[in-house]
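Take a look at the structure below.
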Amino acid sequence: MLGKTSFLEEWKKEPHNRWRSLKRLKSLHLLFEEVRQALDWEGVTLDRRLLANAVYSYFIDIDRHKEFHRIAWANEYKRAAYTAIWLVRIRPVQVHHDLSNEDCADYHLYANEFFAITAALHFLDVTPGKVPKDFFSLLIYEFRYRPTSPAKIISLFYAIDWAVKGEEPPITLPNEFLSS
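Numbering (this note's numbering), first residue to last: 183 to 362.
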(Lines of atoms letter the chains of each structure in order from A; the text may use other names.)
(Lines give C-alpha, C1' and ligand atoms only; values in the text may rest on other atoms or scores of the structure.)
Protein backbone atom coordinates (compact mmCIF):
# COMPACT_ATOMS: atom_id res chain seq x y z
CA MET A 183 0.00 0.00 0.00
CA LEU A 184 2.88 2.33 -0.67
CA GLY A 185 1.66 5.72 -1.72
CA LYS A 186 -1.93 5.00 -0.76
CA THR A 187 -3.84 6.05 2.32
CA SER A 188 -4.79 3.10 4.47
CA PHE A 189 -8.34 2.41 5.58
CA LEU A 190 -7.31 3.15 9.18
CA GLU A 191 -5.83 6.51 8.24
CA GLU A 192 -9.03 7.44 6.42
CA TRP A 193 -11.11 6.19 9.34
CA LYS A 194 -9.11 8.27 11.84
CA LYS A 195 -9.70 11.46 9.81
CA GLU A 196 -13.39 11.45 10.75
CA PRO A 197 -13.80 13.74 13.81
CA HIS A 198 -16.43 11.47 15.39
CA ASN A 199 -14.15 8.43 15.07
CA ARG A 200 -11.22 10.32 16.58
CA TRP A 201 -13.36 11.57 19.46
CA ARG A 202 -14.77 8.18 20.41
CA SER A 203 -11.36 6.51 20.03
CA LEU A 204 -9.70 9.03 22.32
CA LYS A 205 -12.52 8.67 24.82
CA ARG A 206 -12.16 4.85 24.82
CA LEU A 207 -8.34 5.07 25.05
CA LYS A 208 -8.60 7.32 28.07
CA SER A 209 -11.18 5.14 29.84
CA LEU A 210 -9.16 1.97 29.25
CA HIS A 211 -5.95 3.61 30.39
CA LEU A 212 -7.59 4.84 33.60
CA LEU A 213 -9.12 1.42 34.20
CA PHE A 214 -5.75 -0.25 33.70
CA GLU A 215 -4.18 2.06 36.26
CA GLU A 216 -6.91 1.15 38.75
CA VAL A 217 -6.36 -2.57 38.14
CA ARG A 218 -2.58 -2.22 38.30
CA GLN A 219 -2.71 -0.40 41.63
CA ALA A 220 -5.38 -2.65 43.13
CA LEU A 221 -3.41 -5.80 42.27
CA ASP A 222 -0.01 -4.27 42.92
CA TRP A 223 1.20 -5.17 39.43
CA GLU A 224 4.81 -4.09 39.64
CA GLY A 225 6.62 -4.31 36.34
CA VAL A 226 3.36 -4.45 34.38
CA THR A 227 2.61 -1.64 31.95
CA LEU A 228 0.12 -0.76 29.26
CA ASP A 229 1.68 -0.18 25.84
CA ARG A 230 -0.14 2.86 24.44
CA ARG A 231 0.52 2.00 20.80
CA LEU A 232 -0.84 -1.50 21.21
CA LEU A 233 -3.81 -0.15 23.17
CA ALA A 234 -4.51 2.35 20.38
CA ASN A 235 -4.34 -0.49 17.85
CA ALA A 236 -6.82 -2.52 19.92
CA VAL A 237 -9.18 0.44 20.22
CA TYR A 238 -9.06 1.26 16.51
CA SER A 239 -9.56 -2.42 15.65
CA TYR A 240 -12.51 -2.57 18.05
CA PHE A 241 -14.24 0.43 16.50
CA ILE A 242 -13.64 -0.68 12.91
CA ASP A 243 -14.89 -4.19 13.74
CA ILE A 244 -17.98 -3.02 15.66
CA ASP A 245 -18.82 -0.52 12.90
CA ARG A 246 -18.64 -3.31 10.32
CA HIS A 247 -20.82 -5.49 12.57
CA LYS A 248 -23.43 -2.72 12.83
CA GLU A 249 -23.36 -2.12 9.10
CA PHE A 250 -23.64 -5.83 8.26
CA HIS A 251 -26.56 -6.37 10.65
CA ARG A 252 -28.12 -3.00 9.79
CA ILE A 253 -28.28 -1.86 13.40
CA ALA A 254 -27.76 1.70 14.62
CA TRP A 255 -25.90 0.84 17.81
CA ALA A 256 -24.35 -2.14 19.50
CA ASN A 257 -25.70 -3.05 22.93
CA GLU A 258 -23.46 -3.20 25.99
CA TYR A 259 -22.84 -6.95 25.60
CA LYS A 260 -21.56 -6.56 22.07
CA ARG A 261 -19.39 -3.61 23.10
CA ALA A 262 -18.01 -5.58 26.05
CA ALA A 263 -17.33 -8.68 23.95
CA TYR A 264 -15.64 -6.85 21.08
CA THR A 265 -13.56 -4.81 23.54
CA ALA A 266 -12.36 -7.95 25.30
CA ILE A 267 -11.68 -9.78 22.04
CA TRP A 268 -9.48 -7.00 20.68
CA LEU A 269 -7.63 -6.45 23.95
CA VAL A 270 -6.77 -10.15 24.08
CA ARG A 271 -5.85 -10.28 20.40
CA ILE A 272 -3.55 -7.23 20.45
CA ARG A 273 -2.20 -7.82 24.02
CA PRO A 274 -1.37 -4.26 25.17
CA VAL A 275 -0.56 -5.31 28.75
CA GLN A 276 3.18 -5.89 29.00
CA VAL A 277 4.92 -7.77 31.81
CA HIS A 278 8.50 -6.60 32.36
CA HIS A 279 9.89 -9.10 34.80
CA ASP A 280 10.96 -12.71 34.90
CA LEU A 281 7.85 -14.87 34.81
CA SER A 282 9.83 -17.90 35.99
CA ASN A 283 10.37 -16.20 39.34
CA GLU A 284 8.36 -17.93 42.08
CA ASP A 285 7.29 -14.54 43.42
CA CYS A 286 5.49 -13.89 40.14
CA ALA A 287 1.77 -14.48 40.56
CA ASP A 288 -0.03 -16.72 38.08
CA TYR A 289 -2.23 -13.86 36.98
CA HIS A 290 0.81 -12.16 35.43
CA LEU A 291 0.82 -14.95 32.88
CA TYR A 292 -2.76 -14.02 31.98
CA ALA A 293 -2.52 -10.26 32.47
CA ASN A 294 -4.04 -9.43 29.08
CA GLU A 295 -6.94 -11.83 29.52
CA PHE A 296 -7.52 -10.58 33.07
CA PHE A 297 -7.51 -6.95 31.97
CA ALA A 298 -9.73 -7.64 28.94
CA ILE A 299 -12.35 -9.38 31.07
CA THR A 300 -12.16 -6.67 33.73
CA ALA A 301 -12.64 -3.99 31.04
CA ALA A 302 -15.63 -5.84 29.58
CA LEU A 303 -17.21 -6.22 33.02
CA HIS A 304 -16.61 -2.52 33.64
CA PHE A 305 -18.61 -1.69 30.52
CA LEU A 306 -21.41 -3.93 31.84
CA ASP A 307 -21.25 -2.22 35.24
CA VAL A 308 -20.39 -5.56 36.89
CA THR A 309 -17.83 -5.69 39.67
CA PRO A 310 -15.28 -8.42 38.84
CA GLY A 311 -15.34 -9.62 42.46
CA LYS A 312 -19.03 -10.55 42.06
CA VAL A 313 -18.26 -13.01 39.27
CA PRO A 314 -17.68 -16.48 40.73
CA LYS A 315 -13.98 -17.32 40.71
CA ASP A 316 -14.54 -20.52 38.72
CA PHE A 317 -16.45 -18.63 36.04
CA PHE A 318 -13.78 -15.93 35.87
CA SER A 319 -11.16 -18.67 35.45
CA LEU A 320 -13.28 -20.21 32.70
CA LEU A 321 -13.34 -16.86 30.88
CA ILE A 322 -9.57 -16.55 31.14
CA TYR A 323 -9.23 -20.10 29.79
CA GLU A 324 -11.63 -19.38 26.91
CA PHE A 325 -9.74 -16.27 25.87
CA ARG A 326 -6.32 -17.86 26.24
CA TYR A 327 -6.77 -21.33 24.80
CA ARG A 328 -9.96 -21.48 22.73
CA PRO A 329 -10.95 -19.85 19.46
CA THR A 330 -13.19 -16.93 20.24
CA SER A 331 -16.11 -15.76 18.21
CA PRO A 332 -17.99 -12.58 18.99
CA ALA A 333 -21.27 -14.51 19.30
CA LYS A 334 -19.81 -16.88 21.91
CA ILE A 335 -18.28 -14.08 23.97
CA ILE A 336 -21.44 -11.96 23.75
CA SER A 337 -23.42 -14.92 25.11
CA LEU A 338 -20.97 -15.40 27.98
CA PHE A 339 -21.26 -11.73 28.95
CA TYR A 340 -25.07 -11.92 28.81
CA ALA A 341 -24.92 -14.90 31.17
CA ILE A 342 -22.53 -13.17 33.56
CA ASP A 343 -24.60 -10.00 33.68
CA TRP A 344 -27.83 -11.85 34.36
CA ALA A 345 -26.28 -14.19 36.92
CA VAL A 346 -24.49 -11.47 38.86
CA LYS A 347 -27.47 -9.11 38.86
CA GLY A 348 -29.90 -11.94 39.70
CA GLU A 349 -32.07 -11.34 36.67
CA GLU A 350 -33.88 -13.79 34.45
CA PRO A 351 -32.77 -13.88 30.82
CA PRO A 352 -35.33 -12.24 28.52
CA ILE A 353 -36.17 -15.51 26.78
CA THR A 354 -39.71 -16.74 26.28
CA LEU A 355 -39.94 -20.50 25.87
CA PRO A 356 -43.07 -22.40 24.87
CA ASN A 357 -44.80 -24.08 27.83
CA GLU A 358 -43.97 -27.59 26.57
CA PHE A 359 -40.27 -26.86 27.15
CA LEU A 360 -40.88 -25.68 30.69
CA SER A 361 -42.92 -28.66 31.89
CA SER A 362 -41.40 -32.04 32.55
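C-beta atoms are modelled at their ideal positions from N, C-alpha and C, and glycine is treated no differently.
Keep in mind that this is a model prediction, so the values were computed, not measured.
- Using a Cβ distance threshold of 8 Å, alanine 293 and alanine 266 do not count as a contacting pair.
- According to the DSSP assignment, threonine 227 belongs to the beta strand (DSSP E) that extends over 226 to 228.
- Within the same chain, Ile342, Asp343, Val346 and Lys347 come within 8 Å of valine 308 by CB-CB distance, once the 5 residues on both sides are set aside.
- Cβ neighbours of proline 274 within its own chain (closer than 6 Å, five residues either side excluded): Leu228, Asp229, Leu232, Leu233 and Ala236.
- Note that the C-beta distance between valine 217 and phenylalanine 305 is not below 8 Å.
- The three-state reading of DSSP puts valine 313 in coil, since its state is none of H, G, I, E or B.
- Bridge partners of valine 277 according to DSSP: Val226.
- The alpha-carbon separation between alanine 256 and arginine 246 amounts to approximately 11 Å.
- The three-state reading of DSSP puts arginine 252 in coil, since its state is none of H, G, I, E or B.
- In the structure shown, serine 331 adopts coil according to DSSP, grouped into three states.
- Valine 217 carries a helical assignment under DSSP once its states are collapsed to helix, strand and coil.
- Contact between tyrosine 238 and serine 209 is absent: CB atoms are separated by about 15 Å, not below the 8 Å threshold.
- When the Cα atoms are used, leucine 338 and leucine 212 turn out to be separated by approximately 25 Å.
- Annotation for leucine 303: the continuous alpha helix (DSSP H) segment containing it runs 293 to 305.
- The beta carbon of lysine 312 is closer than 7 Å to those of Val346 in its chain, skipping five residues each way along the sequence.
- Annotated as distal: isoleucine 242 and tyrosine 264, with beta-carbon spacing of 8 Å or more.
- In this structure, the beta-carbon distance from valine 277 to phenylalanine 325 does not fall below 8 Å.
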